[in-house]
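Peer 1:
Residue numbers (the working numbering): 1 to 422.
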């Protein structure tokens, strides 16, 4: 029996493998660059993309910039200014901390960096392609940093072929921009796709204005503000009235210490508080901000840093449940017996398929037009799948209102369609 030789991988291969964990798609690049800009103290950030972000990404901020002596070091693996030892992970307040982002991005793309600190007389332009340095020179530049990323995965075709269409990849970045802008209402964000302005926030600290920008008046006009503090845990934000409940959880947004996360713990507490007010398979709109002692959470759980571990889960659950329950109970909402079910509540006997909000219609129509205008001969299967998904969304959300009679309700004799508001 022959044995295979064990060999140490070369640095180029190691960098590309490591990049696969950090850089999954264009939205991963935008996320890492946005987090760097926020950690640099930026108050204004502009994101521009082309070709779904695979062809071109530019992130410009007015943060503190990078000193000339640190530019090269910033692209080394595990080079970071945010922690010094493993103990710092338990008090971390920055969004980034691993020091992997820039080296991973530079390993699989062509990167141009222009940066200037307030103290410096001139800025620095640095170009690195496939982890190889090309240019380092002085240049006139404003205070802050601009990252330009071109041709993502140009040197790893195996990764490039797994990217979806530019329209789909751009939609992931749009969703990311919405989350980031909501997580930091104190920062002015500007987002452009193919030169078209898609999102702009003022940085005036008002989450209501951002919700209006993203979801429109139908959502922003039916919110309840919450703000409470229990056991050193601050909980605040905006929750929707039961009448704007949705058929999925896409409208539940959670932020812990300024970081957008996904948490079944927070989700369960939120939905338990709404249990008496919503029908089965309906979910609330919520934007929750939770501030907690960094020592009570572990952020180093998942590569994308969107999952956290909480030291005292039960206490957090109870506090969120108490806060939201108190807010709902104190408002003039539709009274519902908590012990009742859909079958025993007369006004819930008729189930109405909710028409999409105006912002949903706009997205559906825009996505449909973009897809049918593309060359179907290039990717016919993926294109048709997207059209089918949009058609399913139209059917699920329903542009007209469909009434499904209760099992115990006598069927109408007329063949005319009965509208829900009649």
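Backbone N, C-alpha and C define an ideal beta-carbon position, used for all residues, glycine too.
Could you say which of 32, 33, 46 and 24 lies nearest to residue 188 if we only look at CA atoms?
Peer 2: Position 188 of the chain shown holds residue 188. The candidate whose alpha carbon is nearest that of residue 188 is 46.
Peer 1: Smallest Cα separation from residue 50: which of 26, 201 and 253?
Peer 2: Residue mapping note: residue 50 aligns to position 50 of the chain shown, counting from 1. It is 26 whose Cα lies nearest to the Cα of residue 50.
Peer 1: Along the chain, which unbroken stretches of the beta strand (DSSP E) at least 3 residues long are found entirely within the segment 167-248?
Peer 2: Taking only runs of at least 3 residues, the beta strand (DSSP E) segments lying wholly in the segment 167-248 are 188-193, 196-200, 223-230 and 233-240.
Peer 1: When you compare the CB positions of residue 132 and residue 228, do they come within less than 9 Å of one another, or not?
Peer 2: For the purposes of this step, residue 132 is taken as residue 132 along the chain shown, with counting starting at 1. For the purposes of this step, residue 228 is taken as residue 228 along the chain shown, with counting starting at 1. Their beta carbons are not under 9 Å apart, which means residue 132 does not touch residue 228 by this criterion.
Peer 1: Figure out for me which residue from 290, 328 and 249 has the closest Cα to the Cα of residue 310.
Peer 2: Within the chain shown, numbered from 1, the residue matching residue 310 stands at position 310. When each option's Cα is compared against that of residue 310, the closest is 290.
Peer 1: So, using beta-carbon positions, are residue 67 and residue 42 closer together than 9 Å?
Peer 2: Within the chain shown, the letter at position 67 stands for residue 67. Within the chain shown, the letter at position 42 stands for residue 42. Contact: no.
Peer 1: Could you check which residue in 329, 326, 37 and 24 has the C-alpha nearest to that of residue 181?
Peer 2: Residue 181 sits at position 181 when you count from the first residue of the chain shown. Cα-wise, what sits closest to residue 181 is 37.
Peer 1: How about residue 149 and residue 57: are their beta carbons less than 9 Å apart?
Peer 2: On the chain shown, residue 149 is found 149 positions in, with the first residue counted as 1. On the chain shown, residue 57 is found 57 positions in, with the first residue counted as 1. Their beta carbons are under 9 Å apart, which means residue 149 touches residue 57 by this criterion.
Peer 1: Could you tell me the distance, in whole angstroms, from the CA atom of residue 174 to the CA atom of residue 198?
Peer 2: Residue 174 sits at position 174 when you count from the first residue of the chain shown. Residue 198 sits at position 198 when you count from the first residue of the chain shown. The straight-line gap from Cα to Cα measures roughly 8 Å.
Peer 1: Do residue 34 and residue 176 come within 9 Å of each other at the CB atom, strictly closer than that value?
Peer 2: Within the chain shown, the letter at position 176 stands for residue 176. Within the chain shown, the letter at position 34 stands for residue 34. Yes, these two residues count as a Cβ contact at 9 Å.
Peer 1: Just the C-alpha distance for residue 287 and residue 64, rounded to the nearest angstrom, thanks.
Peer 2: Counted from its first residue, the chain shown places residue 287 at position 287. Counted from its first residue, the chain shown places residue 64 at position 64. For residue 287 and residue 64, the distance between alpha carbons rounds to 30 Å.
Peer 1: Leaving out the 5 sequence neighbours to the left and right, which residues in its chain are closer than 8 Å to residue 72 when beta-carbon positions are compared?
Peer 2: Position 72 of the chain shown, counting from 1, holds the residue named residue 72. Cβ within range, chain order: 126, 133 and 136.
Peer 1: Let me confirm a value: residue 423 is counted as buried when at least 16 other C-beta atoms fall within 10 Å, else exposed. Which label applies?
Peer 2: Shown here, the chain extends from 1 to 422; a query on residue 423 therefore has no answer.
Peer 1: State the DSSP-derived secondary structure class of residue 288, mapped to helix, strand or coil.
Peer 2: Residue 288 sits at position 288 when you count from the first residue of the chain shown. Strand.
Peer 1: Would you report the Cα separation of residue 101 and residue 202, rounded to the nearest angstrom?
Peer 2: Position 101 of the chain shown, counted from the start, is the residue given in the question as residue 101. Position 202 of the chain shown, counted from the start, is the residue given in the question as residue 202. Cα to Cα, residue 101 sits roughly 28 Å from residue 202.
Peer 1: Between the C-alpha atoms of residue 185 and residue 52, what's the straight-line distance to the nearest angstrom?
Peer 2: What you label residue 185 is simply residue 185 of the chain shown in a count that begins at 1. What you label residue 52 is simply residue 52 of the chain shown in a count that begins at 1. Taking the straight line joining both Cα atoms gives about 25 Å.
Peer 1: In the DSSP assignment, the alpha helix (DSSP H) including residue 161 goes from what residue to what residue?
Peer 2: In the chain shown, counting from the first residue as 1, residue 161 sits at position 161. From DSSP, residue 161 is part of no alpha helix (DSSP H); its letter is neither H nor E.
Peer 1: Return the first residue and the last residue of the alpha helix (DSSP H) that residue 280 is part of.
Peer 2: Here residue 280 refers to the residue found at position 280 of the chain shown. It is not in any alpha helix (DSSP H) - residue 280 carries neither H nor E in the DSSP assignment.
Peer 1: Please check the pair residue 491 and residue 225, which I expect to be a contact at CB under 8 Å, by giving their CB distance rounded to whole angstroms.
Peer 2: The structure shown does not extend to residue 491, since the chain is modelled only from 1 to 422, so the question has no answer here.
Peer 1: Please state the DSSP three-state secondary structure of residue 260.
Peer 2: Translated into positions along the chain shown, residue 260 becomes position 260. Strand at residue 260.
Peer 1: When the Cα atoms are used, what is the spatial distance from residue 48 to residue 193?
Peer 2: Against the chain shown, residue 48 aligns to sequence position 48. Against the chain shown, residue 193 aligns to sequence position 193. The alpha-carbon atoms of residue 48 and residue 193 are separated by roughly 6 Å.
Peer 1: Helix, strand or coil for residue 29 per DSSP?
Peer 2: Here the question's residue 29 lines up with position 29 in the chain shown. Three-state DSSP puts residue 29 in a helix.
Peer 1: Give every residue of the same chain whose Cβ lies closer than 6 Å to the Cβ of residue 424, excluding the five residues on either side of it in the sequence, and list them in chain order.
Peer 2: In this structure the chain extends from 1 to 422, so residue 424 is not present and cannot be described.
Peer 1: Any idea if residue 158 is buried or exposed, counting beta-carbon neighbours within 10 angstroms, 16 or more meaning buried?
Peer 2: Indexing the chain shown from 1 puts residue 158 at position 158. It counts as exposed.
Peer 1: Based on the DSSP secondary-structure assignment, which residues constitute the bridge partners of residue 110?
Peer 2: The residue given as residue 110 occupies position 110 in the chain shown. DSSP output for residue 110 lists 129 and 150 as bridge partner(s).
Peer 1: According to the neighbour-count rule (16 or more other Cβ atoms, all chains shown, within 10 Å of its Cβ), is residue 118 buried or exposed?
Peer 2: For this step, residue 118 is matched to residue 118 along the chain shown. So residue 118 counts as exposed.
Peer 1: Starting from residue 313, trace the alpha helix (DSSP H) both ways and give me its first and last residue.
Peer 2: As a first step, residue 313 must be located in the chain shown, where it is residue number 313. Residue 313 -> alpha helix (DSSP H) spans 313-329.
Peer 1: Could you check if residue 392 is buried or exposed, using at least 16 other CB atoms within 10 Å of its CB as the buried criterion?
Peer 2: Walking along the chain shown from the start, residue 392 turns up at place 392. Unreliable positioning characterises residue 392 in this predicted model, as indicated by a pLDDT of 47, which lies under 50. A coordinate reading is not provided.
Peer 1: Whose C-alpha, out of 120, 121 and 151, is nearest the C-alpha of residue 112?
Peer 2: In the chain shown, counting from the first residue as 1, residue 112 sits at position 112. Among 120, 121 and 151, the Cα nearest to that of residue 112 is on 151.
Peer 1: Using CA atoms only, rank isn't needed, just tell me which of 108, 244 and 252 is closest to residue 179.
Peer 2: Against the chain shown, residue 179 aligns to sequence position 179. Nearest of 108, 244 and 252 to residue 179, Cα basis: 252.
Peer 1: With C-beta atoms as the reference, is residue 316 less than 9 Å away from residue 270?
Peer 2: Here residue 316 refers to the residue found at position 316 of the chain shown. Here residue 270 refers to the residue found at position 270 of the chain shown. Cβ distance not < 9 Å, so residue 316 and residue 270 don't count as in contact.
Peer 1: Of the residues 233, 218, 106 and 213, which one's Cα is nearest the Cα of residue 297?
Peer 2: Start at 1 with the first residue of the chain shown, and residue 297 comes out as number 297. For the residues 233, 218, 106 and 213, the minimum Cα distance to residue 297 belongs to 233.
Peer 1: Which one or two residues does DSSP pair with residue 144 in a beta bridge?
Peer 2: Residue 144 sits at position 144 when you count from the first residue of the chain shown. Partner(s): 116.
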